[in-house]
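These notes are about the structure you will find just below.
Number of protein chains: 2
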Amino acid sequence: MTYSKRKVIGVLGGCGPYAGLQLVKNIFDQTIAGTDQEHLPVYLSSVPGDIADRTAYLLNPETENPAYSIAALLSKLEDAGAEVAGIACNTSHAPAIYEVICSELERKGSSIKLLHIVDETIRFLKEISPLVTRVGILCSDGTYRTKLYENQLMDAGYDVIRPPEDFQHMYIHQCVYDEQYGIKAQSSPVSSWAKDRISKAAAYFEENSAGALILGCTEFSLAVNTHTLNSMQVVDSVKVLARALIRETAPSRLRPLPGTGKLQQNSPGQVYSEIIN
Amino acid sequence: MTYSKRKVIGVLGGCGPYAGLQLVKNIFDQTIAGTDQEHLPVYLSSVPGDIADRTAYLLNPETENPAYSIAALLSKLEDAGAEVAGIACNTSHAPAIYEVICSELERKGSSIKLLHIVDETIRFLKEISPLVTRVGILCSDGTYRTKLYENQLMDAGYDVIRPPEDFQHMYIHQCVYDEQYGIKAQSSPVSSWAKDRISKAAAYFEENSAGALILGCTEFSLAVNTHTLNSMQVVDSVKVLARALIRETAPSRLRPLPGTGKLQQNSPGQVYSEIIN
């Protein structure tokens, strides 16, 4: 068959399971393909029972670092043939986890190309909305406390709106983690309780003059699938990572963003008016 | 971690890509889990470029039999640790393909337990609707011509409604395969063109007194997500296969069917009033 020599994309899912699926679906959605055979080769590993909670580790580093099992699962994807990989979990990109994943992979002699969801998201934000300077983030408490997006955004020259800790916990983190109504417990469909909280959080960032809202926890992608929210540009880290994985393996098959006619993201200076839903 | 010794489910996707995702999503949806870690381990292989079109092969056996690449990809899933597997494609279960898959696996010394989507679907139909005797099938032309469901259903004592060949092709097969509007070309969302044809096909089976309608091509599951269609019980082969994969690996985690309070399917004589959506 024609495509069997294509680079295989590895998706490390399982944290959470639906976020892994969401990343794979975004890869398919953003691939130019008219037949089954034209779609790109993807392996998904979803072994959630092996991966300790990322936020729990960041909040209490005495617990198990999920980096070791994530690195082991990435190695398995590489053994199966994956050459480029993405982790469908923002929190796992916090330095305390991500750096250990990378050093573990190096120790194992891995040559898989692992993309970084935060690097890709900020690069995409710059290109899609070059005039935006003030940004809000929907993320877990782990990402909030470690300032994963915040530090990198500030390094890139952005003003970052940091909500008070109780608001962050009650109206943002709990949208994902509430044991009864959170997106991890109910994602198909997402509960109206979680949707209401996301609306409140979005209103908070808009009142604080955010020009863009980053979906910085993969679960939020399951609840927000518009390209703008009120007056804010939405940048969905899962969609961005999916596009980056296609760019690294089959750039000519990357579906153009609506309204641009452009096949490539990452061409500096272009203003994209929409994100693919 | 607690669950790392669980049996791993292998999903052979890629034929088509969204059908593979749909099977994985159905596994997650039908698993009792309140946290990420409680979900079952699943590997998805989606390498569509390697798998020749199944229907094309059944209609013209001089072309490449997709069985060899499917068996090779199943072996890779087994190498990665999968012990039980399902193929997210009904047409691949036609004897001309499925028997070659099985003999290839045997030749390779495989011990993976491969479930058969048609066997599982008919078993489920009997249990959920024990009074139904007359059945319609939404399937590809390949499945129609090889009478994949039809022969097994007749062996099990059912009357099977066989639409005329031109109706089958225009109103059923093309829902999936039309190059512009078919579900393989547009599945996220499914086109209204495809939905309209499915409605017409459903009306045909109902007029012919079908008590149940089998979704016998995985793509139809992307378009029909109700448990009844008009007066017919809908039996979605993808949902059934997902439940069977959970049953084989972690039966205590199988979500009960709505209205039954029962954890297990396949307990003879029970009447289930609904299929999980």
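Just so you know, the sequences run in chain order Z and X.
If you count the first sequence from 1, position 239 lands on 243 in our numbering, and the numbers rise without skipping.
If you count the second sequence from 1, position 89 lands on 93 in our numbering, and the numbers rise without skipping.
All C-beta atoms, glycine included, are put in the ideal place defined by N, C-alpha and C.
At 8 Å on the CB atoms, spell out the chain X contacts of residue i, in chain order.
{"i": "H43 (chain Z)", "result": "G18, G20, P21, S50, P52 and G53"}
For residue i, which residues in chain Z fall below 9 Å Cβ to Cβ?
{"i": "A189 (chain X)", "result": "A37, G38 and T39"}
{"i": "L25 (chain X)", "result": "L25, V28, K29, F32 and L48"}
{"i": "S144 (chain X)", "result": "The contacting residues do not exist; S144 (chain X) stays about 12 Å from chain Z at best."}
With a threshold of 16 other CB atoms inside 10 Å of the CB of residue i, please say whether the residue is buried or exposed.
{"i": "S49 (chain X)", "result": "buried"}
{"i": "S96 (chain Z)", "result": "buried"}
{"i": "A207 (chain Z)", "result": "exposed"}
{"i": "L135 (chain Z)", "result": "exposed"}
{"i": "D200 (chain Z)", "result": "exposed"}
{"i": "S225 (chain X)", "result": "buried"}
{"i": "P65 (chain X)", "result": "exposed"}
{"i": "T137 (chain X)", "result": "exposed"}
{"i": "D83 (chain Z)", "result": "exposed"}
{"i": "M236 (chain X)", "result": "buried"}
{"i": "E211 (chain X)", "result": "exposed"}
{"i": "P262 (chain X)", "result": "exposed"}
{"i": "D159 (chain X)", "result": "exposed"}
{"i": "P168 (chain Z)", "result": "exposed"}
{"i": "Q184 (chain X)", "result": "exposed"}
{"i": "R251 (chain Z)", "result": "buried"}
{"i": "G20 (chain X)", "result": "buried"}
{"i": "T67 (chain Z)", "result": "exposed"}
{"i": "S213 (chain Z)", "result": "exposed"}
{"i": "D170 (chain Z)", "result": "exposed"}
{"i": "S115 (chain X)", "result": "exposed"}
{"i": "P70 (chain Z)", "result": "buried"}
{"i": "G161 (chain Z)", "result": "exposed"}
{"i": "G14 (chain Z)", "result": "buried"}
{"i": "R111 (chain Z)", "result": "exposed"}
So, under 8 Å CB-CB, residue i and residue j are touching, yes? Tell me the CB distance rounded to an integer number of Å.
{"i": "F128 (chain Z)", "j": "V244 (chain Z)", "result": "5 Å"}
{"i": "P45 (chain Z)", "j": "V12 (chain Z)", "result": "4 Å"}
{"i": "T222 (chain Z)", "j": "N94 (chain Z)", "result": "6 Å"}
{"i": "V194 (chain X)", "j": "I218 (chain X)", "result": "Actually they do not touch by this definition, with Cβ atoms about 18 Å apart."}
{"i": "E124 (chain Z)", "j": "A248 (chain Z)", "result": "4 Å"}
{"i": "P52 (chain Z)", "j": "D33 (chain X)", "result": "With a Cβ gap of about 15 Å, P52 (chain Z) and D33 (chain X) do not count as contacting."}
{"i": "Y175 (chain X)", "j": "A216 (chain X)", "result": "Not confirmed; about 19 Å, so no contact."}
{"i": "L81 (chain X)", "j": "L157 (chain X)", "result": "The Cβ separation is near 29 Å, so there is no contact."}
{"i": "L118 (chain X)", "j": "L109 (chain X)", "result": "7 Å"}
{"i": "L258 (chain Z)", "j": "G146 (chain Z)", "result": "Wrong, their Cβ atoms sit about 31 Å apart, outside the cutoff."}
{"i": "L152 (chain Z)", "j": "A98 (chain Z)", "result": "5 Å"}
{"i": "V180 (chain X)", "j": "S144 (chain X)", "result": "6 Å"}
{"i": "I141 (chain X)", "j": "G220 (chain X)", "result": "5 Å"}
What does residue i pair with, by DSSP beta-bridge criteria?
{"i": "K117 (chain X)", "result": "X:V88"}
{"i": "G140 (chain Z)", "result": "Z:L217"}
{"i": "S191 (chain Z)", "result": "Z:V194"}
{"i": "V164 (chain X)", "result": "X:V139"}
{"i": "L258 (chain Z)", "result": "Z:T35"}
Name, please, each residue of chain X whose Cβ falls closer than 9 Å to the Cβ of residue i.
{"i": "E183 (chain Z)", "result": "G38 and T39"}
{"i": "A84 (chain Z)", "result": "Y47, S49, K80, L81, D83 and A84"}
So which residues on chain X does residue i lean against when the C-beta distance must stay under 7 Å?
{"i": "V46 (chain Z)", "result": "S50"}
Just the chain Z side, please: which residues come within less than 8 Å of residue i by C-beta, in chain order?
{"i": "S192 (chain X)", "result": "K29, F32 and D33"}
{"i": "R10 (chain X)", "result": "G53"}
Answer yes or no: the CB of residue i versus the heavy atoms of the ligand MN, is any distance below 7 Å?
{"i": "G215 (chain X)", "result": "Because no ligand of any kind appears in the structure shown, any question about the ligand MN cannot be addressed here."}
Open item on the list: What ranges does the beta strand (DSSP E) occupy inside the stretch 9-55 of chain X, keeping only unbroken runs of at least 3 residues that lie completely in it?
Closed with: 12-16 and 46-50
Open item on the list: Just to confirm the assignment: which complete beta strand (DSSP E) runs, minimum length 3, are found wholly within the stretch 225-255 of chain X?
Closed with: 236-240
TODO: Just list the beta strand (DSSP E) runs in the stretch 56-111 of chain Z, keeping only unbroken ones of 3 residues or longer that don't cross its boundaries, in chain order.
DONE: Counting whole runs of 3 or more residues, the stretch 56-111 of chain Z contains the beta strand (DSSP E) stretches 86-91.
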